[in-house]
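Residue numbers for the sequence shown follow UniProt numbering, so the first one is 1 and each next one is one higher.
Glycine included, each C-beta is placed from N, C-alpha and C at the ideal position.
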Amino acid sequence: MLLQECVRDLHVVVLSVAGAFRKGKSFLLDFMLRYMYRQDSEVWLGGDNDPLTGFTWRGGCERETTGIQAWSEVFVVEKPDGSKVAVLLLDTQGVFDSQSTIKDCATLFALSTMTSSVQVYNLSQNVQEDDLQHLQLFTEYGRLAMEENYKKPFQSLMFLIRDWSYPYEHPYGLEGGNQFLEKRLQVTQNQHEELQSVRKHIHSCFSSISCFLLPHPGLRVATNPRFDGRLRDIDEEFKKELQDLVPLLLSPECLVEKEISGCKVTCRDLLQYFRAYTKIYQGEELPHPKSMLQATAEANNLAAVAGAKETYNRTMEEVCGGERPYMSPSALDLRHGELKQVCVCQFRSVKKMGGEEFSRRYQEQLEQELEECYASFSKHNQGKNIFLAARTPAALLALMLLLYASALVAGCVGISTLAVLCDLLLAAALLSLCVWTYSRYSGEFREIGAAIDRLAETLWEQRTPRKVLSKLMEVLRSRLRLKPTPRQRLPSNNNLKKRK
């Protein structure tokens, strides 16, 4: 459709209607289709007995549109300056139905906003605070997916307030709507910071924001199950305002061409951008948006985890902190077990939203974090053990004594090669001891000092000096090859008698 030869290189205008489900979005778009097909006629609204056709719609309380639907025909419109543009109409699935998650709603609304040059935010009766909060969530989800980081990533937003019931305060149409919206989006110092943030965010996302107040179409539209869009069943006031609204969006002089990164987009480009955006949302790079209940429940549970963890750290500091003496590992482990149970009970006692099942994984997270904290406290406690602190120099000194003795023995029995080897190893051990001492004193060469500690630990735990001594003795035995001394025979009595 967008790659047809007659439109693929034309700049594109994309008008999308989004909002809550069952609020008449498809119904409104079908009147826009009438305008596009009959815009050369002054009576584009049609006859009183013409049924409304186009995007599928119906009365009732169940959703009709799913996903994002584009009208099968791309309209070519000539602007007042003589240039031609392509016009594409999008119908978006209503958000907050019973079959869509928050992520589904955010993704559809974000894709619709990112793709369109004019986004019509279809609302019923008024602009509630939750409408603004949802708009903030959805537009931020869209901004995350966009590669560029412009101050205002989206173009035009129109709040379309359906079934407006207060024309005595703000009259129907664009002028009354803009007056109403200016008050609703006004940022004042007396507002809560959260309310200010929502309004500032909306202003920062769109280059142009407007509002149109539309009256109720009439009871026959709302209550007649066989209503098929005939104008005779629609109130005159609604038709009058509709004739102002649609040209305001789609007349040649009012068309807003789609821009991305400050450049106008053709139909061919739009297709590539839409595919790229869809691929982003199909991946896992973006965070999943959450409902207000889920976000609040997570905050409650994380706060409870933080409180219990703070209790654990504070108590363990009193037990084995930096100013406390060395504590036996068994006693420390016992104290850890008791304190862990206390902290878990503290977590469970805190009132949290989300229920028991939701809190279970946060309890598991707490237990895991407490074990990590215990491992840190245990290592810190081991560092206070004077015998462990002296293990490295003791192991190196023992190795030096062993090598010195081995060198002496090897020199005495004439094995000069082994004696030289022992002397070299002795010098290396002495150098290691000096480097280790300097590292501990100055705090420099920490990696080398840690490597020497690991070597000393290996010597200590594996009893390596004893193994080295045994090996040296085996070498000495093999190299000496001592011959047995012949026994001197004593003269016998017979020989003595012969000499006499």
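Beta-carbon proximity list for residue i, same chain, < 8 Å, skipping 5 on both sides
i	result
GLY307	GLN346, PHE347 and VAL350
LEU255	VAL13, VAL77, LYS79, VAL85 and VAL87
SER207	LYS152, PHE154, GLN155 and SER156
GLY322	HIS380
ASN313	CYS373
GLU364	none
SER41	none
CYS343	ALA308, LYS309, THR311, TYR312, LEU366 and LEU370
Where the alpha helix (DSSP H) containing residue i begins and where it ends
i	result
LYS239	236–250
MET32	25–38
ILE202	193–205
GLN155	Per DSSP, GLN155 belongs to no alpha helix (DSSP H); it is in the beta strand (DSSP E), 154–162.
HIS170	No alpha helix (DSSP H) holds HIS170; DSSP gives it neither H nor E.
ALA18	ALA18 -> not in any alpha helix (DSSP H); beta strand (DSSP E) instead, spanning 11–19.
SER112	102–115
VAL256	Premise fails: VAL256 is in no alpha helix (DSSP H) and is neither H nor E.
ARG220	219–223
First and last residue of the uninterrupted beta strand (DSSP E) at residue i
i	result
ASN122	118–124
GLU369	Note, GLU369: premise wrong, no beta strand (DSSP E); alpha helix (DSSP H) at 355–382.
THR53	No beta strand (DSSP E) holds THR53; DSSP gives it neither H nor E.
THR92	84–92
SER349	Element bounds for SER349: not the beta strand (DSSP E) but the alpha helix (DSSP H), 329–349.
PHE75	75–78
GLN69	68–70
Residues of its chain near residue i, where Cβ-Cβ distance is below 7 Å and the 5 sequence neighbours each way are ignored
i	result
residue 518	This structure gives no information on residue 518, because the portion of the chain shown stretches from 1 to 500.
LEU472	Note that LEU472 has pLDDT 48, beneath the 50 cutoff, so the model's placement of it is unreliable and no number is given.
ALA375	none
VAL221	PHE227, ASP233 and ILE234
THR315	LEU339
Neighbourhood of residue i by C-beta distance below 6 Å, restricted to the same chain and skipping five residues each side
i	result
HIS216	ASP163
GLU237	PRO215
PHE138	ALA106, PHE109 and ALA110
GLU62	Since pLDDT at GLU62 reaches only 38, below the 50 mark, its modelled position is unreliable, and the value read off the structure follows with that caveat. So the list is empty, once near-sequence residues are dropped.
TYR362	ASN301 and VAL305
GLN136	VAL198 and HIS201
GLY54	ASP30 and LEU33
CYS422	LEU403, SER406 and ALA407
Contact test: residue i Cβ vs the ligand MN heavy atom, cutoff 7 Å
i	result
THR392	Questions concerning the ligand MN fall outside what the structure shown contains, since it holds no ligand whatsoever.
Beta-carbon separation (whole angstroms), residue i vs residue j, contact threshold 8 Å
i	j	result
PHE159	LEU123	6 Å
CYS263	LEU2	That pair is no contact at about 17 Å.
residue 505	SER210	What is shown of the chain runs 1 to 500, which leaves residue 505 out entirely.
GLY173	LEU213	6 Å
PRO426	TYR404	Strictly speaking, residue 426 in this sequence is Leu, with Pro absent from that position. The Cβ separation is near 6 Å, so the contact holds.
Review point. Taking three-plus beta-carbon pairs below 8 Å as touching, is the stretch 190–205 in contact with the stretch 160–176?
Key: No, they do not touch.
Exercise for review: Evaluate the contact criterion for the stretch 440–459 versus the stretch 393–407: three or more CB pairs, one atom per stretch, below 8 Å.
Suggested key: yes
Check your understanding: With a cut-off of 8 Å, do at least 3 Cβ pairs link the stretch 256–276 to the stretch 226–245?
Key -> no
Check your understanding: Is the stretch 246–262 touching the stretch 35–46, taking contact as three or more C-beta pairs under 8 Å?
Key -> yes
Review point. Can you list, in chain order, the stretches of the beta strand (DSSP E) that have 3 or more residues and sit fully within the stretch 392–466?
Key: You should have found no qualifying run.
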